[in-house]
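In the numbering used here, the protein residues as written are 32 to 1127.
Ideal Cβ positions, reconstructed from N, Cα and C, are used throughout, including at glycine.
Note that the structure is a prediction, hence the values are computed from the model and not measured.
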């Protein structure tokens, strides 16, 4: 029985087209001018583009380097090498000729790389082998199309002749090389750019490299190997479909006849067969393969639901696709009625303007195939808002543009209703098995903990609501973001989870699942390996009992676009071989690609990108695909109108189903009823404030750690960066803002404030049972008897109210989850769940200035401060500053000493690492500061109390954060940064120049980090030169100030006291948490700092 999609071939005699016949196959030759191409013309044109995958390819370095000589100057990068020593780019001018001038346009769109080429060297060569230096830019910054002018190198007439010109950054330290455009001129025609469109090359490629070369002409693409490939693939597809009951005789005869014709054509002459005859033969084979593919019993539908919208053009990023203005307004929910392999399909719009200008942002079809739930971003007009491509405008746009809301409508276009409203965007909905709707939302009110200071961007979590839009409830508590949820065949929700917690910003976009009530959240694949950087848009493959999933392998700074991948989690959660690549000719837009090609070979592409795969079986899929724009400076997967709908399979089938040349097409879903997954019972208790967790064996997975050594389990919360529509995104720190000395320390050190919820004692058998606050992101640490870290979880998880959760130990896989007998026999199960014991400072996030500096003041500073601190370790508490614009980014002297001297073992925020953390990798057990304190305590040298020791060790094991709160970028009044007050420094220096210059350089004793902001009179440059009998320390060999009435002493002290008063009246964020000595609490929290809210 034929599937409904198959129709008898009806080749209408239509006057619009001229046709020729070849072996019974009609080939469209041309359409009348002004008329849209027919389906047949589109299909054949697409086949010619597919044939380009066999064409000879330029070297990747040459393809990327061509961007600098394409004549396009826009301030973005035209080529991009890897980070390497001495990177270079060069151009071949074709012949040796005189040169008079070079103009080099710098890349302007990435602040950290603006100065990479400040020492640019220009070399010339006649043969590309022997090079000579003709110019060196010795540290002078140059710009490009705007602002600072480009580098303009003048060469004397007749002095420089060359065929090859190379630009190089001389650097022993690895560095990226990226420019906008290079122009070269000679004396014959001073206005002619000799480098334009000439062959170029470069030393390497990077994850940001793309081909800038034009595509081949269609007539150049088809060759005998292409035809042989599809004949072979056609036979393999036929064998597979014959097993499914499809009669294949008519197709195999075509493939056999084509094989004979191809062999005959290539035997006629040693030269290649004529291009036209090969192209005709190629079409014959492809038409036969297309008809065969359309006989697949899996195509048991004749209508497709899909979305028309312009592809996202701004913020192509895993965590930024939810902004309402990222796509141009336009498009609709659409139904495609298929008409077989050859005839024209019909398209019907569903919304037809009912919601006004805007675009659809995610949708799903109900289980009975009658209703559609979708996100819609309303727009003010048919044009995008002003500034929509400028990410610095997101704060303004969020306050002026409507957020995305969820709607529902019947497939017949009736019953349109709005489900969500409010100030936050709700999008990407999926029907849960019970009819509820799970969706992505900004309602969590958190900001991305990355990107530059001038960006205001939200993150999203998962939420659920009843079918009528009521009862909205949060399902996940992820400070970094959960995206693209889809209901899987086992009734759970699959989604992509981004983690940014003490690990790589790029590598951890993994596949997770949770139940529709939010319980049992867990990683299922790619939690601890690098490539691809992201797996997104996961769906169950029917007929596999949820053992196989389809998704897209993508990058981090990219759309959910890349190769189509089949994942088998059962092979191992961290096993790259569990990825079978259906489209091995496509790579992710960023990062690498592990896994193995599909055993049957897969689709052979030459680049391009797939999105939104819909599995019909583990071998056959629907998907959206673009060949890519190839535009310089634009992410290659960003193609506003280039995505079309395709049928693909593992045998190499790639058949166009529908293309709209004016707008992209996405999210193909067969329009039919589907098997409803099982409805999982709700395991939450709405009135509960806690979840209960049981660990049967905490030592499981901790190789090298004796089980009896583990005495405590700690719970800690990484706190997300806040976002609200008044203040925008608040900041904790920057990863690349500061570029001066010690940048690796003075930029971001910890991602977030840390709240330690408390410690739980471990039973003698290694079990533990405890309560966890619901809807709170937590991570765990194993501690020894001294409360020192043995192992750290560099991830986090959240629990639902009343959830009961059990695990075996560290990094269990599901096949070693505890069985009931194991739980019931553990000691912890014989006792009630315990509440974690909070740290000495309570439930507040840890603050270095409030919680750690007093310990150093009591036990260390007497020796470790001043001009010659003991051991070169300065633990004084004076404030430091390294950012003139953001005072809240400063630290203090003790903290900078700890970082500079490596006194604590931290998990670096820049560590590009996806691996499982081994025991004893970081923390107090590996830290010099903690070990010295512990030895001194045990030896009686330091009178450190139990509370002080617990505080010090816990702070280190929280990854040694400095700040306990965030910076409000839009404060009414900027905080006063005492440590950055240049006027104060100048006035103090004038005093010291008069009184101290005979023994000291003025700069060495005029230090603002010597100011004691709690007791100004105890500032080091006031006490050291003051006589002891007047309350000073008398450190100077000759007493400078006999008493406190000395006019210069009084002048310096007045300056300090005035500055300190100002600092307390308008404190920067590290001071906000403090009490002034004497117990006087600050009257109010500064408007420019926001305290982390404390949970009950």
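Would you kindly report the start and end of the unbroken beta strand (DSSP E) that includes residue 368? Position 337 of the chain shown, counted from the start, is the residue given in the question as residue 368. Note, residue 368: beta strand (DSSP E), 363–368.
Specify, as a first and last residue, the run of the beta strand (DSSP E) that residue 831 falls within. For the purposes of this step, residue 831 is taken as the residue at position 800 of the chain shown. From DSSP, residue 831 is part of no beta strand (DSSP E); its letter is neither H nor E.
Hey, how far is the Cα of residue 672 from the Cα of residue 641? Residue mapping note: residue 672 aligns to position 641 of the chain shown, counting from 1. Residue mapping note: residue 641 aligns to position 610 of the chain shown, counting from 1. Cα to Cα, the separation comes out at about 14 angstroms.
Closer than 8 angstroms, CB to CB, is residue 123 near chain B or not? Reference to chain B is not applicable here, since this structure consists of a single protein chain.
Counting C-beta neighbours from all protein chains within 10 Å, is the total for residue 861 16 or more, i.e. buried, or is it exposed? As a working note, residue 861 is residue 830 in the chain shown. Residue 861 comes out exposed.
Between residue 622 and residue 238, which are expected to be in contact by the criterion C-beta below 8 angstroms, what is the C-beta distance as a whole number of angstroms? By 1-based counting over the chain shown, the position of residue 622 is 591. By 1-based counting over the chain shown, the position of residue 238 is 207. Confirmed, Cβ separation roughly 6 angstroms.
For residue 46, which residues from the same chain have a beta carbon less than 6 angstroms from its beta carbon, with the 5 sequence-adjacent residues on both sides left out? Counting from one through the chain shown, the residue named residue 46 turns up at place 15. Unreliable placement is indicated for residue 46, whose pLDDT of 27 sits below 50; no coordinate value is reported for it.
Could you check if residue 710 is buried or exposed, using at least 16 other CB atoms within 10 Å of its CB as the buried criterion? Here residue 710 corresponds to residue number 679 of the chain shown, with the count starting at 1. Its Cβ having fewer than 16 others within 10 Å, residue 710 is exposed.
Through-space distance from residue 122 to residue 1131, alpha-carbon basis: Given a span of 32 to 1127 for the chain in the structure shown, any question on residue 1131 remains unanswerable.
Residue 1146 to residue 274, Cα distance in whole Å? Summary: the structure shown does not reach residue 1146, with the chain confined to residues 32 through 1127, and so no result is reported for it.
Three-state secondary structure assigned by DSSP to residue 802: Numbered from its first residue, the chain shown carries residue 802 at position 771. In this structure, residue 802 counts as strand in the three-state DSSP scheme.
Residue 420: buried (16+ other C-beta within 10 angstroms of its C-beta) or exposed? Against the chain shown, residue 420 aligns to sequence position 389. Counting Cβ neighbours within 10 Å, residue 420 comes out exposed, since fewer than 16 surround it.
Contact between the segment 1082–1091 and the segment 1043–1056 is defined here as three or more beta-carbon pairs at a separation below 8 angstroms; is this criterion met? yes
Return the first residue and the last residue of the beta strand (DSSP E) that residue 409 is part of. Here residue 409 refers to the residue found at position 378 of the chain shown. 402–409 is the extent of the beta strand (DSSP E) around residue 409.
Which value, in whole angstroms, describes the spacing of the CA atoms of residue 177 and residue 150? To locate residue 177, count along the chain shown from 1; it is residue 146. To locate residue 150, count along the chain shown from 1; it is residue 119. Cα to Cα, the separation comes out at about 20 angstroms.
Would you list the one or two residues that DSSP bridges to residue 585? Position 554 of the chain shown holds residue 585. Residue 585 pairs with 565.
I'd like to confirm something about residue 490: is its beta-carbon nearer than 7 angstroms to some heavy atom of the ligand HEM, or not? By its list of ligands, the structure shown contains no ligand whatsoever, and the ligand HEM lies outside what it can speak to.
Please tell me whether residue 743 and residue 858 are closer than 8 angstroms, where the distance is taken between their beta carbons. Locating residue 743 in the chain shown gives position 712, counting from the first residue. Locating residue 858 in the chain shown gives position 827, counting from the first residue. Result no, Cβ atoms of residue 743 and residue 858 do not sit closer than 8 angstroms.
Does the separation of the CB atoms of residue 469 and residue 366 fall below 8 angstroms? Your numbering for residue 469 matches position 438 in the chain shown. Your numbering for residue 366 matches position 335 in the chain shown. No, the pair does not count as a contact, with Cβ atoms beyond the cut-off.
Cβ-based burial, residue 651 [other Cβ within 10 Å; buried from 16]: Within the chain shown, the letter at position 620 stands for residue 651. With 16 or more other Cβ atoms within 10 Å, it is buried.
Shortest alpha-carbon distance to residue 410 belongs to which of 385, 788 and 292? Within the chain shown, numbered from 1, the residue matching residue 410 stands at position 379. Nearest C-alpha to residue 410: 385.
Where residue 393 sits in the DSSP three-state scheme: Position 362 of the chain shown, counting from 1, holds the residue named residue 393. Residue 393: strand per DSSP, three-state reduction.
Distance, residue 992 Cα to residue 730 Cα: Numbered from 1 along the chain shown, position 699 holds the residue referred to as residue 730. Numbered from 1 along the chain shown, position 961 holds the residue referred to as residue 992. About 27 angstroms.
Does residue 473 pass the burial test, meaning 16 or more other C-beta atoms within 10 Å, or should it be called exposed? Indexing the chain shown from 1 puts residue 473 at position 442. Buried, since its Cβ has 16 or more Cβ neighbours within 10 Å.
For the candidate residues 1060, 911, 802 and 677, whose alpha-carbon lies nearest to that of residue 325? Residue numbering aside, residue 325 sits at position 294 when the chain shown is read from its first letter. Of the candidates 1060, 911, 802 and 677, the one whose C-alpha sits nearest the C-alpha of residue 325 is 677.
Please go through the segment 950–1010 and give each complete beta strand (DSSP E) segment of 3 or more residues, from N-terminal end onward. 996–998
Give a yes or no on whether the C-beta atoms belonging to residue 911 and residue 927 are separated by under 8 angstroms. Stepping through the chain shown from its first residue, residue 911 is reached at position 880. Stepping through the chain shown from its first residue, residue 927 is reached at position 896. Cβ atoms of residue 911 and residue 927: closer than 8 angstroms.
Evaluate contact between the segment 179–199 and the segment 122–133, counting only Cβ atoms and requiring at least three cross-stretch pairs below 8 angstroms. yes
Beta-bridge partners of residue 347, as assigned by DSSP: For the purposes of this step, residue 347 is taken as the residue at position 316 of the chain shown. In the DSSP output, where bridge partners are listed per residue, residue 347 has none listed.
Name the residue from 94, 461, 1036 and 392 whose alpha carbon lies nearest to the alpha carbon of residue 402. Reading the chain shown from its first residue, position 371 is the one you call residue 402. Cα-wise, what sits closest to residue 402 is 461.
Cβ distance (whole Å) where residue 22 is taken to contact residue 180 below 8 angstroms: The structure shown has nothing for residue 22, since the chain only spans 32 to 1127.
To the nearest whole angstrom, what separates the beta carbons of residue 491 and residue 512, a pair I think is in contact under 8 angstroms? Position 460 of the chain shown, counted from the first residue, corresponds to residue 491. Position 481 of the chain shown, counted from the first residue, corresponds to residue 512. Indeed they touch by this definition, with Cβ atoms about 5 angstroms apart.
Please confirm whether residue 644 and residue 598 have their CB atoms less than 8 angstroms apart. Residue mapping note: residue 644 aligns to position 613 of the chain shown, counting from 1. Residue mapping note: residue 598 aligns to position 567 of the chain shown, counting from 1. For residue 644 and residue 598, no; Cβs fall outside 8 angstroms.
Could you compute how far the alpha carbon of residue 313 sits from the alpha carbon of residue 681? Locating residue 313 in the chain shown gives position 282, counting from the first residue. Locating residue 681 in the chain shown gives position 650, counting from the first residue. Using only the alpha carbons, I get a separation of about 20 angstroms.
Do you know offhand how far residue 973's Cα is from residue 979's? Position 942 of the chain shown, counted from the first residue, corresponds to residue 973. Position 948 of the chain shown, counted from the first residue, corresponds to residue 979. Their Cα atoms are separated by approximately 11 angstroms.
Distance between beta carbons of residue 488 and residue 589, contact taken as under 8 angstroms: Position 558 of the chain shown, counted from the first residue, corresponds to residue 589. Position 457 of the chain shown, counted from the first residue, corresponds to residue 488. Going by Cβ atoms, the distance from residue 589 to residue 488 rounds to 16 angstroms, so no, they are not a contact pair.
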